[in-house]
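S.K.: In our numbering, each residue carries its 1-based index in the sequence shown increased by 5. Glycine is no exception: its CB is placed at the ideal position from the N, C-alpha and C atoms. Note that the structure is a prediction, hence the values are computed from the model and not measured. For reference, the structure I am asking about is given below.
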Amino acid sequence: MGHASSAELRVGILGYGIGGQRFHAPLVDATPGLSVATIVTGDPERARRARAGYPQARVVPTADELFDQVDSLDLVVVSTPNRTHVPLALRAVESGTPVVVDKPFAPTSAEAEQVVRAAEQAGVGLTVFQNRRLDSDFLTVRKVLASGRLGSVFRFESRYDRWVPKPKENWREFGDPAEAGGLLYDLGAHIVDQALQLFGPVTEVYAELDRRRAGVAVDDDSFVALRHADGVRSHLWASALAGTRNPRFRVLGDQATFTKYGLDVQEPQVISGMRPGAPGWGVEPESDAGLLGVNDQLERIPTERGRYEQFYAEVRDALRGDGDFPVDPAGAVLTLRVIEAARTAAAERRVVTLPA
């Protein structure tokens, strides 16, 4: 490994597409004690943008060039197409360098378990970028649940909708199973993870996965129903053809209901050039405040501030030996098991049972 005991930890970022540009590089750069040292991209235009945005970083076209000098790095971030997550994560582990892997962790739970075992055996730090645990709306749901005002919760509804009527020409739309494309892997990796975070293990999975847009090779309209071991049912939707504003969350309890509209604002803020710590960072419009109550007796619940910056702050501290990595990769393995069960349930039109 590199010089983790030094004041500033050097980070290498594999991939400079949506994940690298919008999330990892800006968040690493904004974290005191971390610096973007290497960026890997084979795309000339992305390389130009990487050099302009991070002039202190070495920009190289291949992963081999990063790993040739991996001893100078303290952390490797894998933000490449899904099919490459496992081999690149394993290369980082084999080099003895702690690694952050973007979601979905792997195309299959078996491959994810392989990476977890390798990291454990090598004693190398490993975590998964489940950043939407730090979304403003999700943090608000956590706060409402913790308040106890819903009473006994029996149903959790979560929608992550988009309006993308024309398929995009990238690997997320490719049909090869190795690509782990489609909305269930893309957005589902977030909304399934959030449900597991709130309500724990799942015992039953039902799903409807459809291809609604002409010519698509993967699911672009999905519904997943989960029964948790504690009896709570989670209903989860993701669609590329949702043209209206629907509730992001609805949580039903025997004492009250909580409903929340609006999406977390941190991604569009980063795209606009804003960084953590700037005025308004992670703050949703007041008009998107959730409503808690019964019938007309409703209370507006202010939305928590989103805090993606917490992820890399915790990574930094873990590298220094001052805490744990922010996401236990074992949780990402469980999310993949649920996704796999959902794919089976949809294909075979049945409820799939998972061990408690």
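In or out: residue 17 buried (at least 16 other Cβ within 10 Å) or exposed?
M.R.: In the sequence shown, the residue the question calls residue 17 occupies position 12. Burial call: buried.
S.K.: According to DSSP, is residue 226 helix, strand or coil?
M.R.: Looking up residue 226 in the sequence shown gives position 221. Strand at residue 226.
S.K.: Flag this pair as yes or no: are the beta carbons of residue 340 and residue 197 separated by less than 8 Å?
M.R.: Here the question's residue 340 lines up with position 335 in the sequence shown. Here the question's residue 197 lines up with position 192 in the sequence shown. The answer is yes: Cβ separation under 8 Å.
S.K.: Quick one: any contact between the region 41-54 and the region 319-330, if contact means 3 or more CB pairs under 8 Å?
M.R.: Contact fails: fewer than three Cβ-Cβ distances are below 8 Å.
S.K.: Enumerate in chain order the residues of its own chain whose CB-to-CB distance from residue 240 is below 6 Å, with the five nearest sequence positions on each side excluded.
M.R.: Your numbering for residue 240 matches position 235 in the sequence shown. Cβ within range, chain order: 162, 230.
S.K.: If you check the beta carbons only, do residue 19 and residue 84 fall under 8 Å apart?
M.R.: Locating residue 19 in the sequence shown gives position 14, counting from the first residue. Locating residue 84 in the sequence shown gives position 79, counting from the first residue. The answer is yes: Cβ separation under 8 Å.
S.K.: Thinking C-beta only, is residue 263 closer than 8 Å to residue 295?
M.R.: On the sequence shown, position 290 is the one that residue 295 refers to. On the sequence shown, position 258 is the one that residue 263 refers to. Closer than 8 Å, so yes.
S.K.: Can you grab the Cα-Cα spacing for the pair residue 244 / residue 108, in whole Å?
M.R.: On the sequence shown, residue 244 is found 239 positions in, with the first residue counted as 1. On the sequence shown, residue 108 is found 103 positions in, with the first residue counted as 1. Taking the straight line from one Cα to the other gives about 18 Å.
S.K.: Tell me which residues share the same chain as residue 159 and place their Cβ nearer than 8 Å to its Cβ, disregarding the 5 neighbours each side in the sequence.
M.R.: Looking up residue 159 in the sequence shown gives position 154. Within the same chain, residue 159 has close Cβ partners 236, 237, 238, 257, 258, 259.
S.K.: Return the first residue and the last residue of the beta strand (DSSP E) that residue 426 is part of.
M.R.: In the structure displayed, the chain extends from 6 to 361; residue 426 sits before or after that span and is not available.
S.K.: Assuming residue 168 contacts residue 222 under a Cβ cut-off of 8 Å, what Cβ separation, rounded to an integer in Å, is found between them?
M.R.: Position 163 of the sequence shown, counting from 1, holds the residue named residue 168. Position 217 of the sequence shown, counting from 1, holds the residue named residue 222. With 8 Å as the limit, residue 168 and residue 222 do not qualify as a contact, their Cβ atoms being about 20 Å apart.
S.K.: So who's on the other strand from residue 157, going by DSSP bridges?
M.R.: Taking the sequence shown and counting its residues from 1, one reaches residue 157 at position 152. Paired residue(s): none; residue 157 is not in a bridge.
S.K.: Just checking my contact of residue 334 with residue 133 at CB under 8 Å: how many whole Å lie between their CB atoms?
M.R.: On the sequence shown, residue 334 is found 329 positions in, with the first residue counted as 1. On the sequence shown, residue 133 is found 128 positions in, with the first residue counted as 1. Contact flag correct, Cβ pair sits at about 5 Å.
S.K.: Since I believe residue 338 is in contact with residue 210 (beta carbons under 8 Å), could you give me their beta-carbon distance rounded to a whole number of angstroms?
M.R.: Within the sequence shown, the letter at position 205 stands for residue 210. Within the sequence shown, the letter at position 333 stands for residue 338. No, residue 210 and residue 338 are not in contact; Cβ-Cβ is about 15 Å, not under 8 Å.
S.K.: Report all residues from its chain with a CB closer than 8 Å to the CB of residue 370; omit the five preceding and five following residues, and keep chain order.
M.R.: Nothing can be reported for residue 370: it is not among the residues displayed for the chain, which extend from 6 to 361.
S.K.: Mark residue 255 as exposed unless 16 or more other C-beta atoms lie within 10 angstroms of its C-beta, in which case mark it buried.
M.R.: As a first step, residue 255 is located in the sequence shown; it is residue number 250 there, counting from the start. Buried, by the Cβ-count rule.
S.K.: I believe residue 266 touches residue 250 by the beta-carbon criterion, under 8 Å. Please report the beta-carbon distance rounded to the nearest angstrom.
M.R.: One-based indexing of the sequence shown puts residue 266 at position 261. One-based indexing of the sequence shown puts residue 250 at position 245. Contact flag correct, Cβ pair sits at about 6 Å.
S.K.: Can you tell me whether residue 276 is buried or exposed, with buried defined as 16 or more other CB within 10 angstroms of its CB?
M.R.: Residue numbering aside, residue 276 sits at position 271 when the sequence shown is read from its first letter. Exposed, because fewer than 16 other Cβ atoms sit within 10 Å of the Cβ of residue 276.
S.K.: Label residue 96 either buried or exposed according to how many other C-beta atoms from any shown protein chain fall within 10 Å of its C-beta, with 16 as the threshold for buried.
M.R.: Along the sequence shown, read from residue 1 onward, the residue named residue 96 stands at position 91. By the 10 Å Cβ count, residue 96 comes out buried.
S.K.: Report buried or exposed for residue 87, applying the criterion of at least 16 other Cβ atoms within 10 angstroms of its Cβ.
M.R.: Start at 1 with the first residue of the sequence shown, and residue 87 comes out as number 82. That one is buried.
S.K.: Between the Cα of residue 114 and the Cα atoms of 346, 146, 28, which residue gives the shortest distance?
M.R.: Within the sequence shown, residue 114 is the residue found at index 109, counting from 1. Nearest C-alpha to residue 114: 346.
S.K.: Within the continuous beta strand (DSSP E) that includes residue 243, where are the two ends?
M.R.: What you label residue 243 is simply residue 238 of the sequence shown in a count that begins at 1. First-last of the beta strand (DSSP E) with residue 243: 238-244.
S.K.: If I follow the unbroken alpha helix (DSSP H) through residue 353, where does it start and stop?
M.R.: By one-based count along the sequence shown, residue 353 stands at place 348. Here the alpha helix (DSSP H) through residue 353 covers 334-353.
S.K.: Counting C-beta neighbours from all protein chains within 10 Å, is the total for residue 82 16 or more, i.e. buried, or is it exposed?
M.R.: Locating residue 82 in the sequence shown gives position 77, where the first residue counts as 1. By the neighbour-count rule (16 or more Cβ atoms within 10 Å), residue 82 is buried.
S.K.: Can you say whether residue 37 is buried or exposed, counting buried as having 16 or more other CB atoms within 10 angstroms of its CB?
M.R.: Working through the sequence shown from its first residue, we reach residue 37 at position 32. Burial call: exposed.
S.K.: Looking only at its chain, what residues have a beta carbon closer than 6 Å to the beta carbon of residue 299, apart from the 5 residues adjacent to it on each side?
M.R.: On the sequence shown, residue 299 is found 294 positions in, with the first residue counted as 1. Closer than 6 Å at Cβ, skipping near neighbours: 261.
S.K.: Keeping to the same chain, check which residues put their C-beta closer than 8 Å to that of residue 27; ignore five residues upstream and five downstream.
M.R.: On the sequence shown, residue 27 is found 22 positions in, with the first residue counted as 1. Contacts found: 272, 275, 276.
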